[in-house]
Amino acid sequence: MKVIDILLLPTSNFFRYCLTGFLYNYSVFFYNIVIPFLADDYGGSSLELAAMISIGTGCVSFFSPFSGKIADKTNPFIIMRLGILAFIIALFFPLFIKNKMWALYVSMIIYGIGGGFFWAVIVGSVGKEAPKGQENRRSAIFSVSWSIGKAFGYLFGGLLKGILGIKSFYIALACLITIEIIYPIRLPKEVRERLKSEKQEKEKKDNQHSTQLNDIHIEMNDSHIIDNSTTGRNENEIINKEELNFKKKDEKVRYKWEGGEYKNKTYIYIGYIFNFAIKGTNWVISSQYIKLVKDFDIKINLFGANPNEMFVGVFFFCLYLAQTTSLVLMALTTQWTYRRSVILLGFIVTVILYLVMALSNCNWLLCILSYIAGLSSGFANQTSVYYSLRASTNNKGLFVGLSEITSGSGMTILPLVAGLLAKAYNDNHVPLYINICVIIMCIIVFDIIYRLMYFINSRRNAKRLSREEQPTPLSTVTQPQKPNNTSDEADDIQIPVEMVPTPLVGEQDTSPSEISRDDNQSLDSQEKE
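Take a look at the structure:
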């Protein structure tokens with residue numbers, strides 16, 4: 001990289017997207033760890049803590065598709081700033097309305113709406129501005145930036161909440177104001193020119209496609225064309241329509257899936273199950289674990305912070321730092337793809353973490369296990385996204401949407417269920433038991449789906465052509481035209497063989513060629529007589 005490029009790097013849109021992702025996720029997860037701390041301080045139950053987290057996540061998932069559509073029709077840079085503004089307003093409620101649970105609920109709703117208008121826009125902008133061939137690289141770098149922000153948001157949330165109390169939200173507020181200032185205001189010049197040229201090229205291809213001549217050439221003399229006033233339809237148009245039907249049928253030839261394409265048909269659904277289980281259960285402990293930590297009195301004494309809250313911050317810092325490590329490693333290689341054993345290992349490691357969390361108060365052991373389980377968390381996130389992006393072009397948007405819906409539903413439903421049961425049984429261990437049960441059930445479903453989809457896809461693939469086989473081209477026959485009274489010329493019409501009817505057994509063949517032959521023989525016999 002040239003020196004001038006390094007100096008201009010902070011001014012590039014992509015650098016500012018990465019910095020925005022870091023600052024935003026730092027603020028989000030700082031907020032998402034401090035809000036449960038405040039709710040616990042206000043005397044909130046396990047159900048109330050879970051409800052707050054679920055409401056915020058549900059709003060993000062609900063508004064993301066709408067914000068993406070709105071951004072496509074309007075200015076995405078303004079839409080993103082409106083999302084940041086909503087988050088800023090959300091912070092005002094706990095800052096200025098203290099000791100009120102309803103203020104925390106309202107704050108989470110407004111934050112969720114703002115989050116929905118943030119992620120869909122910035123992810124779309126990163127993908128749109130990436131040069132051809134660098135989409136995966138830029139996506140991986142952007143993912144690492146927001147993942148690091150998530151880890152440090154948890155760490156400093158646990159640290160600063162004990163030192164500064166509710167005033168710690170001013171740090172998140174400063175990060176959001178910084179985003180409003182540094183976020184780009186328009187696409188780079190080279191991207192605008194590229195998009196313009198791509199649009200012009202697409203229009204040019206569409207025009208060429210609409211003016212293409214038909215593959216089957218039909219030569220007819222004007223004297224042989226039946227008058228439209230008599231038939232009401234143009235014979236040339238009829239044959240052209242039939243010809244287009246044959247062309248479409250030929251274009252729909254399906255070849256066998258091979259290699260990764262074949263495996264992806266199964267692993268795309270496995271990725272959804274894996275992501276649902278890991279993300280959903282991680283979100284359960286992010287809202288519920290503070291109560292169990294206080295029951296076990298697990299502490300880390302550091303910088304005068306609240307020892308219990310400091311441990312929670314360090315615990316989740318290790319978890320999401322490992323997630324960042326996982327994202328980096330997965331960006332460097334694809335050796336992890338289509339390996340069922342690696343997914344099973346991720347499930348098992350996560351179950352072990354939840355078992356130890358339910359039984360142990362050893363802070364260093366829990367932090368080590370949280371780091372190992374964090375590798376599984378990053379793997380689950382990237383697995384679902386990767387397999388969805390490997391879907392067919394026509395269905396790629398559908399599968400990416402399904403990936404977001406499954407992870408969002410896990411992060412919304414599972415905390416509510418865990419909080420409800422924890423309150424019903426009055427036991428703070430219940431959320432961890434729920435997590436263990438969810439993981440075990442997902443392992444069972446995972447194995448069933450794996451075997452079922454491989455069976456279905458193998459049957460479907462058997463009906464397809466191999467790459468070496470070629471579809472049989474449409475052959476043609478020549479139909480001589482009857483001479484009329486005004487011309488002795490005969491024109492040939494190219495008609496697909498499939499269009500020539502085959503006579504039934506015992507019937508006379510009345511195909512045009514046979515009729516023409518019979519007429520010629522009768523004329524010859526008359527001349528001889």
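Heads up, the sequence shown is in the UniProt record's numbering, so the first residue is 1 and it goes up one at a time. All C-beta atoms in this analysis are idealised placements derived from N, C-alpha and C, irrespective of residue type, glycine included.
Return yes when the Cβ of residue j is within less than 9 Å of the Cβ of residue i, no when it is not.
i: Leu-47; j: Pro-36; result: no
i: Ser-384; j: Thr-412; result: no
i: Pro-431; j: Ile-290; result: no
i: Tyr-111; j: Ala-130; result: no
i: Ser-67; j: Phe-118; result: yes
i: Val-121; j: Phe-14; result: no
i: Ala-373; j: Tyr-433; result: no
i: Asn-428; j: Asp-297; result: no
i: Ser-341; j: Leu-353; result: no
i: Gly-124; j: Pro-76; result: yes
i: Tyr-105; j: Ala-51; result: yes
i: Thr-324; j: Val-144; result: yes
i: Phe-315; j: Leu-366; result: yes
i: Gly-162; j: Asn-32; result: no
i: Glu-404; j: Ser-54; result: no
i: Asn-25; j: Ser-147; result: yes
i: Tyr-183; j: Thr-20; result: yes
i: Leu-155; j: Phe-317; result: yes
i: Thr-178; j: Leu-82; result: no
i: Ile-448; j: Phe-347; result: no
i: Ser-12; j: Pro-188; result: yes
Over what stretch of residues does the alpha helix (DSSP H) that includes residue i continue unbroken?
i: Phe-87; result: 76-96
i: residue 559; result: This structure does not reach residue 559, given that the chain is present from 1 up to 529, and the question cannot be answered.
i: Leu-104; result: 101-129
i: Leu-345; result: 340-359
i: Leu-176; result: 169-182
Our contact map puts residue i next to residue j with C-beta atoms below 8 Å; I'd like the distance itself, whole angstroms only.
i: Gly-280; j: Leu-414; result: 4 Å
i: Tyr-17; j: Lys-150; result: Their Cβ separation, rounded to whole angstroms, is 16 Å, which puts Tyr-17 and Lys-150 out of contact at 8 Å.
i: Val-34; j: Gly-116; result: Not really, about 21 Å apart at Cβ, beyond 8 Å.
i: Ala-140; j: Leu-327; result: 7 Å
i: Gly-44; j: Met-101; result: 6 Å
i: Glu-201; j: Ile-84; result: So it is not a contact: roughly 35 Å between Cβ atoms.
i: Gly-378; j: Gln-288; result: Gly-378 to Gln-288, Cβ: 22 Å. No contact.
i: residue 536; j: Pro-94; result: With the chain running from 1 to 529 in the structure shown, residue 536 is simply not present.
i: Cys-437; j: Ala-277; result: The pair is not a contact, with the Cβ atoms about 11 Å apart (cut-off 8 Å).
i: Thr-350; j: Ser-388; result: Contact flag wrong, Cβ pair sits at about 21 Å.
i: Val-312; j: Gly-158; result: 5 Å
i: Thr-266; j: Tyr-42; result: Contact doesn't hold; Cβ gap of about 48 Å is too wide.
i: Ile-268; j: Val-445; result: The pair is not a contact, with the Cβ atoms about 15 Å apart (cut-off 8 Å).
i: Asn-381; j: Asn-301; result: Actually they are not in contact, since the Cβ atoms of Asn-381 and Asn-301 sit about 33 Å apart, beyond 8 Å.
i: Ile-97; j: Ala-103; result: 4 Å
i: Ile-88; j: Ile-79; result: Actually they are not in contact, since the Cβ atoms of Ile-88 and Ile-79 sit about 15 Å apart, beyond 8 Å.
Next item on the list: Would you list, in sequence order, the uninterrupted beta strand (DSSP E) runs of no fewer than 3 residues that lie entirely inside the segment 404-432?
Entry: none
Next item on the list: Quick one: which unbroken beta strand (DSSP E) runs of 3-plus residues sit fully inside the segment 254-336? Chain order, please.
Entry: none
Checklist line | Secondary structure, beta strand (DSSP E): runs of 3+ residues fully inside the segment 131-160 | finding: none
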